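Below: one structure, written as structure tokens.
2 protein chains.
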Amino acid sequence: MLTLKQIITMLHQKGHKVTPQRLAICEILFSYKSHPTADEIYKRVSQKFPTISLSTIYQTLNLLMKLGLIQELGFPNISSRYDANTSPHIHIICPKCGNTQDYEDKKFEELWSKFITKLNFKPIGQRLEIYKYCDKCSKIG
Amino acid sequence: MLTLKQIITMLHQKGHKVTPQRLAICEILFSYKSHPTADEIYKRVSQKFPTISLSTIYQTLNLLMKLGLIQELGFPNISSRYDANTSPHIHIICPKCGNTQDYEDKKFEELWSKFITKLNFKPIGQRLEIYKYCDKCSKIG
DNA sequence: TTTTAATTAATAACGATTATGAATTAGGAG
DNA sequence: CTCCTAATTCATAATCGTTATTAATTAAAA
Numbered sequence: 000m001l002t003l004k005q006i007i008t009m010l011h012q013k014g015h016k017v018t019p020q021r022l023a024i025c026e027i028l029f030s031y032k033s034h035p036t037a038d039e040i041y042k043r044v045s046q047k048f049p050t051i052s053l054s055t056i057y058q059t060l061n062l063l064m065k066l067g068l069i070q071e072l073g074f075p076n077i078s079s080r081y082d083a084n085t086s087p088h089i090h091i092i093c094p095k096c097g098n099t100q101d102y103e104d105k106k107f108e109e110l111w112s113k114f115i116t117k118l119n120f121k122p123i124g125q126r127l128e129i130y131k132y133c134d135k136c137s138k139i140g
Numbered sequence: 000m001l002t003l004k005q006i007i008t009m010l011h012q013k014g015h016k017v018t019p020q021r022l023a024i025c026e027i028l029f030s031y032k033s034h035p036t037a038d039e040i041y042k043r044v045s046q047k048f049p050t051i052s053l054s055t056i057y058q059t060l061n062l063l064m065k066l067g068l069i070q071e072l073g074f075p076n077i078s079s080r081y082d083a084n085t086s087p088h089i090h091i092i093c094p095k096c097g098n099t100q101d102y103e104d105k106k107f108e109e110l111w112s113k114f115i116t117k118l119n120f121k122p123i124g125q126r127l128e129i130y131k132y133c134d135k136c137s138k139i140g
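Chains as they are written, first to last, in numbering that gives the first Met the number 0: chain U, 0 to 140; chain Y, 0 to 140.
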């Protein structure tokens with residue numbers, strides 16, 4: 000996963016401005032191993048920047064995606080989540096609330112990577128997902 | 000993939016009515032190896048039932064999902080697609096238009112199935128997806 | 001044939017995300 | 001350091017896929 004310094008360099012290189020808002024958003028995405036929604040990022044950045052707009056969060060997320068630094072995990076009906084780890088790995092996801100956690104299996108990741116390289120094209124992303132109601136959601140029903 | 004007869008039996012068993020609208024929707028889902036959107040289904044069923052409502056399409060899709068007969072493939076910003084093949088297989092998807100095609104690799108499917116059975120829980124679904132702009136969308140940019 | 005709960009269909013409502021546009025600001029030029 | 005300008009931010013409106021609501025209709029059991 001990238002460091003903030005690397006991200007700043009990358010933004011400068013591609014001619015994008017490095018704003019405090021962008022840094023705050025990146026800090027959340029790249030410092031924690033979570034998969035936050037836009038709104039979760041918004042709430043956390045708001046603590047530092049009380050006037051930040053949700054709009055800015057989405058614009059920054061879209062920029063980071065265009066640069067290939069993060070991946071969007073979209074689901075039906077519920078908010079997308081954003082993952083700063085773009086290398087292949089398995090997610091275990093609750094289809095009701097979207098709670099997403101990594102499932103580490105180095106062997107399988109390696110196998111999948113090999114499979115990807117054998118394709119006759121270069122994919123721009125991939126998803127390996129297993130669905131399972133989380134404890135909270137399976138209690139509610 | 001299930002036949003219409005099997006679906007009818009299943010609906011009766013679970014106490015659901017077998018309506019001409021539901022049959023028409025199932026016919027589209029289970030007779031072709033496509034992954035249509037709700038609107039695509041709506042347009043096709045409308046030819047037979049000009050007064051059908053998009054609402055009915057969604058209600059039927061949700062029923063079929065609850066029965067575990069189809070899987071929803073949801074994406075950010077674009078319409079979900081519905082797949083009547085619920086056994087594990089790889090999709091190649093255009094992230095722009097959502098065009099989805101199957102990628103058959105029996106060996107990998109077997110490997111994944113084995114992996115699933117080794118988990119200490121029974122998943123309610125899974126997705127194996129590779130993203131790649133389709134010819135149309137990569138031309139537009 | 002009658003009855004009744006399930007289903008349909010039309011429309012309103014919802015919610016996540018994008019679009020718009022005026023005000024602000026990062027960062028280069030002088 | 002100051003000025004300039006295009007990029008960015010922020011507030012709000014708009015969009016669009018999907019769900020909720022409800023009156024009218026219908027499948028299917030009695």
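Ideal Cβ placement from N, Cα and C applies to all residues, glycine included.
Predicted, not measured: the structure shown is a model, and the values here were computed from it.
For Y:D101, the uninterrupted beta strand (DSSP E) segment begins and ends at T99 to Y102. In the structure shown, U:T36 falls within a strand segment according to DSSP collapsed to helix, strand and coil. The shortest C-alpha to C-alpha distance from U:Y102 to any of U:Y57, U:S78, U:K131 and U:N76 is the one to U:K131. Close CB contacts of U:A83 within its chain, under the 6 Å cut and outside five residues either way in sequence, are with M0, L28, F29 and I69 (chain order).
Distances from the alpha-carbon of Y:L66 to those of Y:F120, Y:G14 and Y:T99 put Y:G14 closest. Of all C-beta pairs linking the segment 80-98 of chain U to the segment 117-134 of chain U, three or more are shorter than 8 Å, placing the two stretches in contact. In the DSSP annotation of this structure, U:H11 is not part of any beta strand (DSSP E); the continuous alpha helix (DSSP H) holding it starts and ends at L3 to Q12. Under a criterion of Cβ atoms nearer than 7 Å, the residues of chain Y adjacent to U:Q125 are, in order, E128, I129 and Y130. U:I89: member of the beta strand (DSSP E) spanning I89 to I92, first to last residue. Contact of Y:S33 with chain U is not assigned, every C-beta pair being separated by 8 Å or more. Counting only the Cα atoms, Y:L22 lies some 32 Å from Y:I115. Spanning the alpha carbons of Y:E109 and Y:H88 requires a straight line of approximately 9 Å. Contact note: U:F114 reaches chain Y through F107, using a C-beta cutoff of 7 Å and chain order. Apart from the 5 residues on each side of it in sequence, U:R43 sits with its Cβ closer than 6 Å to the Cβ of I27 in its chain, given in chain order.
Straight-line measurement puts the Cα of Y:G97 at about 7 Å from the Cα of Y:I77. Listed in chain order, the non-local C-beta contacts of U:K47 below 7 Å within the same chain comprise A23, local neighbours out to five positions each way being set aside. Close partners of U:G73 in chain Y (Cβ separation under 8 Å): G73, F74, P75 and N76. The alpha-carbon separation between Y:S79 and Y:A37 amounts to approximately 7 Å. Interface residue (Cβ-Cβ distance to chain Y less than 8 Å): U:S137 is not classified as such.
The three-state secondary structure of Y:Y57, taken from DSSP, is helix.
By the CB criterion at 8 Å, Y:G73 and U:G73 fall inside the cutoff.
Within 7 Å of the CB of Y:P122, the CB atoms of chain U belong to I129, Y130 and K131, in sequence order along the chain. Taking the Cα positions, U:E71 is about 21 Å away from U:I7. Scanning its chain for C-beta atoms nearer than 7 Å, with the 5 sequence neighbours on each side dropped, one finds no residue around Y:S33. Straight across, the Cα-Cα distance linking Y:M9 with Y:Y41 is about 23 Å.
Under the 8 Å criterion on CB atoms, Y:S79 is classed as interfacial with respect to chain U. Following the DSSP letters along the chain, one finds Y:L110 in no beta strand (DSSP E) but inside the alpha helix (DSSP H) bounded by residues K105 to K117.
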